[in-house]
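Number of protein chains: 4
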Amino acid sequence: MKIGFIGLGQMGHGMAANLIKAGHEVTLYNRSREKAVGLDAPIAATPGQAAAGKEMVFTMLANDAALEAVLHGPDGILAHLPQGGLHISCSTIAVATAEMLEKTHAKAGQRYLSAPVFGRPDAAAAAKLFIAAAGAKADIDAAQPLFDVIGQRSFVLSETPSHANLVKLSGNFLIVSVIEALGEALALVGKGGVDKAAYLELLTSTLFNAPVYKIYGQILLEQKFSPPGFAAPLGQKDIRLVLQAAEALNVPLPLASLLRDRFLTLMANGGEKLDWAAIGALAAKDSGQA
Amino acid sequence: MKIGFIGLGQMGHGMAANLIKAGHEVTLYNRSREKAVGLDAPIAATPGQAAAGKEMVFTMLANDAALEAVLHGPDGILAHLPQGGLHISCSTIAVATAEMLEKTHAKAGQRYLSAPVFGRPDAAAAAKLFIAAAGAKADIDAAQPLFDVIGQRSFVLSETPSHANLVKLSGNFLIVSVIEALGEALALVGKGGVDKAAYLELLTSTLFNAPVYKIYGQILLEQKFSPPGFAAPLGQKDIRLVLQAAEALNVPLPLASLLRDRFLTLMANGGEKLDWAAIGALAAKDSGQA
Amino acid sequence: MKIGFIGLGQMGHGMAANLIKAGHEVTLYNRSREKAVGLDAPIAATPGQAAAGKEMVFTMLANDAALEAVLHGPDGILAHLPQGGLHISCSTIAVATAEMLEKTHAKAGQRYLSAPVFGRPDAAAAAKLFIAAAGAKADIDAAQPLFDVIGQRSFVLSETPSHANLVKLSGNFLIVSVIEALGEALALVGKGGVDKAAYLELLTSTLFNAPVYKIYGQILLEQKFSPPGFAAPLGQKDIRLVLQAAEALNVPLPLASLLRDRFLTLMANGGEKLDWAAIGALAAKDSGQA
Amino acid sequence: MKIGFIGLGQMGHGMAANLIKAGHEVTLYNRSREKAVGLDAPIAATPGQAAAGKEMVFTMLANDAALEAVLHGPDGILAHLPQGGLHISCSTIAVATAEMLEKTHAKAGQRYLSAPVFGRPDAAAAAKLFIAAAGAKADIDAAQPLFDVIGQRSFVLSETPSHANLVKLSGNFLIVSVIEALGEALALVGKGGVDKAAYLELLTSTLFNAPVYKIYGQILLEQKFSPPGFAAPLGQKDIRLVLQAAEALNVPLPLASLLRDRFLTLMANGGEKLDWAAIGALAAKDSGQA
Chain A
20 MKIGFIGLGQ MGHGMAANLI KAGHEVTLYN RSREKAVGLD APIAATPGQA AAGKEMVFTM
80 LANDAALEAV LHGPDGILAH LPQGGLHISC STIAVATAEM LEKTHAKAGQ RYLSAPVFGR
140 PDAAAAAKLF IAAAGAKADI DAAQPLFDVI GQRSFVLSET PSHANLVKLS GNFLIVSVIE
200 ALGEALALVG KGGVDKAAYL ELLTSTLFNA PVYKIYGQIL LEQKFSPPGF AAPLGQKDIR
260 LVLQAAEALN VPLPLASLLR DRFLTLMANG GEKLDWAAIG ALAAKDSGQA
Chain E
20 MKIGFIGLGQ MGHGMAANLI KAGHEVTLYN RSREKAVGLD APIAATPGQA AAGKEMVFTM
80 LANDAALEAV LHGPDGILAH LPQGGLHISC STIAVATAEM LEKTHAKAGQ RYLSAPVFGR
140 PDAAAAAKLF IAAAGAKADI DAAQPLFDVI GQRSFVLSET PSHANLVKLS GNFLIVSVIE
200 ALGEALALVG KGGVDKAAYL ELLTSTLFNA PVYKIYGQIL LEQKFSPPGF AAPLGQKDIR
260 LVLQAAEALN VPLPLASLLR DRFLTLMANG GEKLDWAAIG ALAAKDSGQA
Chain L
20 MKIGFIGLGQ MGHGMAANLI KAGHEVTLYN RSREKAVGLD APIAATPGQA AAGKEMVFTM
80 LANDAALEAV LHGPDGILAH LPQGGLHISC STIAVATAEM LEKTHAKAGQ RYLSAPVFGR
140 PDAAAAAKLF IAAAGAKADI DAAQPLFDVI GQRSFVLSET PSHANLVKLS GNFLIVSVIE
200 ALGEALALVG KGGVDKAAYL ELLTSTLFNA PVYKIYGQIL LEQKFSPPGF AAPLGQKDIR
260 LVLQAAEALN VPLPLASLLR DRFLTLMANG GEKLDWAAIG ALAAKDSGQA
Chain W
20 MKIGFIGLGQ MGHGMAANLI KAGHEVTLYN RSREKAVGLD APIAATPGQA AAGKEMVFTM
80 LANDAALEAV LHGPDGILAH LPQGGLHISC STIAVATAEM LEKTHAKAGQ RYLSAPVFGR
140 PDAAAAAKLF IAAAGAKADI DAAQPLFDVI GQRSFVLSET PSHANLVKLS GNFLIVSVIE
200 ALGEALALVG KGGVDKAAYL ELLTSTLFNA PVYKIYGQIL LEQKFSPPGF AAPLGQKDIR
260 LVLQAAEALN VPLPLASLLR DRFLTLMANG GEKLDWAAIG ALAAKDSGQA
């Protein structure tokens, strides 16, 4: 299939590689061209060229602004994606942005799917992502073979694309909640003299036998926040988007508010370049531990 | 082995049954005698009689006060457990109480182990508990065959008994954190129009593929808080004990503080008889949903 | 002096009345013309006409969007205020908006002052406002005689206009903090059986002998939230702007986060039309009172 | 009048001095005798001797444990205060302790009043305290002349003594709320470049024109936390007692929970010897300032 793929960061690079490997005719675009290194596919000069003449165009960008930058304007996706072409947005973006995308593409005679993904860069490279998809049934059917190439499983949530974005954001909120809870628990048992590795072994062998506890427990145990697998400013953005969506719906989320404050504390104290798991070290710091 | 077993509530009943079934010579005690129904073992008239002449005595009680009530006095464990006898405390009690027990038994020439358990009543009945044990190596070795009878796995954490209690309390804190996080996430996606069952299916098939998310996700989805598997006042007690232990160690735990407030709100609004998972419904309530 | 006055809500009406009474030649503008009732001054058809040919133009609007609506476009202030004309913005707006205004007016050869005010509508009518002013010294000197007409006292804070907006927003944060603290204290002593009126009398006669405690203590005591003196959505907006300013500066404000959640709870439960003091009733509600 | 006065700390010393100066026949007691330096009155060897043969005995102690230590036992107040003698407790103690005192004294044929005070040591020395009194009318009438000697004003709250303690505790909660709110506001405007002294001048000249804002604003501005006027561990204790009273009544107080965590952070980071206002510096610290 003729596909455009826009956004070759840590996540997008692996996803694009898997699409290419599966034999699709992929045209790449990234703002800084050198990110395409190692991908055996043509590189477009503009987002519009990556979309022009394609059945589908994927976007996998760092935030809403980056997505809007490749969408609008004479060189953007909207101006070049063919009538009936399908934009599959995998980025973690605001619910309101997804609603805008749905309307804007419809007005332009194009189609739009939200398909944000769960997984860190290694999962993207290994085609082990989980995909949360929402949109018109026909569009999802069309995209399904590609989802199968980039992920280990996909979930169809709704016919309203932005629902998938709300799910993705709330999923990231749940992950950060785990980081905070583990950070507090480790601060407590650690200061109480308990061996933290044995503690995590117990947790993750029993009720908390899930990847998210294993991955973030290990990172917190080793305090290995650099280089980041998922950078703190991106996590901060996601909590901001969760709170924005919640504000639009009048849903108070006190735990999300706590997480927001944690990210601000981290940013104010040199955390810009760390993994988002570093907010899990703040409880120990507040308790006077290292 | 000759064993005393004190405390035949929802948890203790199943544990005692498994010890009896394994062929141990168990003497039971419970404040209200009728809780022993269905257990084929003699019932002592006092805690002291349940401990007298035994190699080991288990206690599985609802809280610190209940434990202290069977410990002290002329009819208590301390006065009757033989020299060298081993008290295995499985209750979820305060760290400070465990420290007191260790000292008090040592002074009386007796031995003490903390062995709190993870699991709900059905797991106790099915011998599927997880046991967090801490104490002298010889004592743990002696208790190990009994742990194997009541649980699916035991973890030796430390030679300091109270460490096991700190681990148990912090584990319960982590469970309540999951309830709160799920409660907020469901309030958000639910008010946003997402199908909550599909949402939970996605979460628990992917990063959150752990019993705790499946169990509490399902309870929250069905709003099935009665009858309680684990009653809210017991959960409230555990968060209180976590915060007490944290205060003794000067460890601020803002998430635990939030959970404390949630339990108070629940108690103030008729939640006394509900499952502790009912705090997970407060976020939806605050957001104006049913 | 020839003055334009734009925005005739509860606050602006009183301020404009005082400027007219002091003998200034005031041209009024409000989106809905009928708000000018009772003011003896000409009404312009557009914001631009209210600014055209004036030495100064005041704006006193409900939010940033309303201010931007009268600023831009062919009928806006920017297009009509004379070269060297002074825009005095009294609205409670975002720090970022004030920074934009400073730059935009400078580019247009105009001058800009931030002069947000403290006080409720009755204080505006009685010329009892407090004015927090920031901007170039010459501009403040020019505006001072008018400040003296609308307020009881003005404070010059800085030569950077947006500093006054940050001060105003943080002042409103402090007021809402008082509402929350009083709300929690009243929930506690009230449920404990203490006479709440006697309690407030004690507080406001001693350490808390300040208008803010008297005003909001009385409102909370009487639960008199309607009609609103200052509507809850405006208070919610101010906390949002405080948190935005704090986020831009990487300053975590956990108390402000709590207040944000309170406003969301209020909005989700029918508080749209109430006074912002109504968030102070939520603590009692959570405790099962009323 | 013949009076006993027990507890000669920073507060009690000034109160006792004023009672002596007014001509009362005061017998003093303090655990460490040297605290009585500068007071022209006999010093008893035990609390009981200070109470024996007196119409009234005041207690002004640091916490509940200190009060219980002078109350019970063969040398305690209970054993020696005459039948009909009146115990006036001015300490900041738990609501539950006051309830116990009321019952215990009644059983012993003695009378009991709660009369906690508001004010720092300089106010105690200057007889400028505010007194929150609760108890039987006859007892308050009897104590009134002495209240007039130690304070500038007294408030009669209720016939239930413990109500005065609840009021005192909630009053201290309000003070700490002011410290926290000011701390957050100063962190915000300070990082935003506003002159903090000018900011406080504005606040305390207008809506926040109350002693509590002036006193704590100045302390926070100067970061002058040592020597303490009121030590942080005492403030921590008061918030603990507020939360205990609130828990007994099922009243969630999220702001008090935040303050509890602030005190823990302070204690974990060397704040043991500082003024309680030092929690107001934590917001600035979290934001990366100093």
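Protein chains in written order, with this note's numbering: chain A, 20 to 309; chain E, 20 to 309; chain L, 20 to 309; chain W, 20 to 309.
Glycine included, C-beta positions come from ideal geometry on N, C-alpha and C.
Nothing here was measured: the structure is a model prediction, and the numbers come from that model.
Using 7 Å as the cut-off, classify the Cβ of residue i as near or not near the heavy atoms of the ligand NAP, replying yes or no.
i	result
residue 125/E	By its list of ligands, the structure shown contains no ligand whatsoever, and the ligand NAP lies outside what it can speak to.
Could you pull out every residue in the same chain whose Cβ sits closer than 8 Å to the Cβ of residue i, ignoring the five residues on either side in sequence?
i	result
residue 36/L	57, 58 and 144
Do residue i and residue j have their CB atoms nearer than 8 Å?
i	j	result
residue 27/W	residue 55/W	yes
residue 79/A	residue 51/A	no
residue 210/L	residue 270/W	yes
residue 302/A	residue 203/A	yes
residue 218/E	residue 186/A	yes
residue 94/A	residue 65/A	yes
residue 212/E	residue 178/E	no
residue 89/L	residue 39/L	no
residue 42/W	residue 287/A	no
Using only alpha-carbon positions, find the residue among the options that is nearest to residue i.
i	options	result
residue 244/A	297/A, 200/A, 192/A and 278/A	297/A
residue 72/A	158/A, 104/A and 213/A	104/A
residue 34/L	148/L, 161/L, 193/L and 293/L	148/L
residue 74/W	158/W, 21/W and 268/W	21/W
residue 91/A	124/A, 150/A, 113/A and 118/A	124/A
residue 223/L	225/W, 93/W and 229/W	229/W
residue 237/L	128/L, 118/L, 156/L and 205/L	205/L
residue 291/E	256/E, 274/E and 307/E	256/E
residue 247/L	126/L, 136/L, 140/L and 116/L	140/L
residue 242/W	265/W, 198/W, 261/W and 39/W	198/W
residue 112/L	258/L, 286/L, 200/L and 53/L	258/L
residue 156/W	142/W, 240/W, 234/W and 174/W	174/W
Can you list, in chain order, the residues of its chain with a C-beta nearer than 6 Å to that of residue i? Leave out the 5 residues immediately preceding and following it.
i	result
residue 295/W	249, 251 and 254
residue 70/W	23, 76, 96, 99 and 100
residue 46/W	23, 61, 63 and 69
residue 281/L	298 and 301
residue 134/W	107, 109, 150 and 152
residue 102/L	128
residue 48/L	25, 63, 66 and 69
List the residues of chain A that residue i touches, going by C-beta distances under 8 Å, in chain order.
i	result
residue 176/E	213, 214, 217, 218 and 221
residue 280/L	271, 272, 273 and 276
Give the residues of chain W in contact with residue i, contact being defined as C-beta atoms less than 8 Å apart.
i	result
residue 1/A	Because chain A spans 20 through 309 in this model, residue 1/A falls outside it and cannot be assessed.
residue 253/E	Ordered by position in chain W, no residue passes the 8 Å Cβ test against residue 253/E, which lies about 15 Å from the chain.
Taking C-beta pairs closer than 7 Å, name the residues in chain E that residue i reaches, listed in chain order.
i	result
residue 286/W	269
residue 103/A	Chain E residues near residue 103/A: none, gap ~27 Å exceeds 7 Å.
residue 283/W	266, 269, 270 and 271
Grab me the residues of residue i's own chain with a C-beta within less than 7 Å of its C-beta, minus the 5 sequence neighbours each way, in chain order.
i	result
residue 122/W	none
residue 260/L	113 and 188
In chain L, what lies closer than 8 Å to residue i by C-beta?
i	result
residue 276/E	What residue 276/E touches in chain L: nothing, since even the nearest Cβ is about 11 Å away.
residue 232/W	229
Which residues in chain W sit within 9 Å of residue i, going by Cβ to Cβ distance?
i	result
residue 306/L	265, 268, 269, 270, 271 and 272
Chain E partners of residue i, CB-CB under 8 Å?
i	result
residue 172/A	224 and 225
So which residues on chain L does residue i lean against when the C-beta distance must stay under 7 Å?
i	result
residue 293/A	By Cβ distance, chain L contributes nothing, its closest Cβ being about 14 Å from residue 293/A, past 7 Å.
List the residues of chain L whose Cβ lies closer than 9 Å to the Cβ of residue i, in chain order.
i	result
residue 192/W	200, 203, 204 and 207
ask   = Taking any Cβ of chain W, which residues in the segment 37-68 of chain L have a Cβ under 8 Å from it, in chain order?
value = For the segment 37-68 of chain L, which is checked against every Cβ of chain W, not one residue is closer than 8 Å.
inquiry  = So if I threshold CB-CB distances at 8 Å, which residues from the segment 260-271 of chain L count as touching chain W?
reply    = 261, 264, 265, 268, 269, 270 and 271
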